[in-house]
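These notes concern the structure reproduced below.
In the numbering used here, the protein residues as written are 1 to 90.
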């Protein structure tokens, strides 16, 4: 006899509700032949030091208890016992 073609061949069963899939990020695979990367040099962040910007001019005495990065101009003495003073390009 005649059979419609738009009906499924297998007996119908109720559809299962979709389950949300959770993906866990996988760590990148490292081949055993790769040497471990060299440790990065420790750099001082701006939170660890004060900065004299390139447009600043200081005339007088600079004292303190934290490290200092100077990119501007200082005319006078700098006394930061036990801390680092870094002079920039300017």
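Note that CB positions come from ideal geometry on N, CA and C, so glycine has one too.
Everything numeric in this text was worked out from a predicted model, so none of it was measured.
Q) Do residue 66 and residue 77 have their CB atoms nearer than 8 Å? A) In the chain shown, residue 66 corresponds to position 66, counting from 1. In the chain shown, residue 77 corresponds to position 77, counting from 1. No, the Cβ-Cβ distance between residue 66 and residue 77 is not below 8 Å.
Q) When the Cα of residue 57 is compared with those of 87, 72, 49, which residue comes out closest? A) Here residue 57 corresponds to residue number 57 of the chain shown, with the count starting at 1. Ranking the options by Cα distance to residue 57, first place goes to 72.
Q.
Which residue wins for smallest C-alpha separation from residue 52, given the options 59, 64, 68?
A. Within the chain shown, the letter at position 52 stands for residue 52. Per the Cα distances, 68.
Q.
Distance check for residue 48 and residue 70, CA to CA, integer angstroms please.
A. Indexing the chain shown from 1 puts residue 70 at position 70. Indexing the chain shown from 1 puts residue 48 at position 48. Going from the Cα of residue 70 to the Cα of residue 48 covers about 14 Å.
Q. Any idea which residues DSSP pairs residue 79 with across the strands?
A. Start at 1 with the first residue of the chain shown, and residue 79 comes out as number 79. Answer is 63, bridged to residue 79.
Q | Span separating the alpha-carbon of residue 50 from that of residue 86 | A | Within the chain shown, the letter at position 50 stands for residue 50. Within the chain shown, the letter at position 86 stands for residue 86. When rounded, the distance between both Cα atoms is 10 Å.
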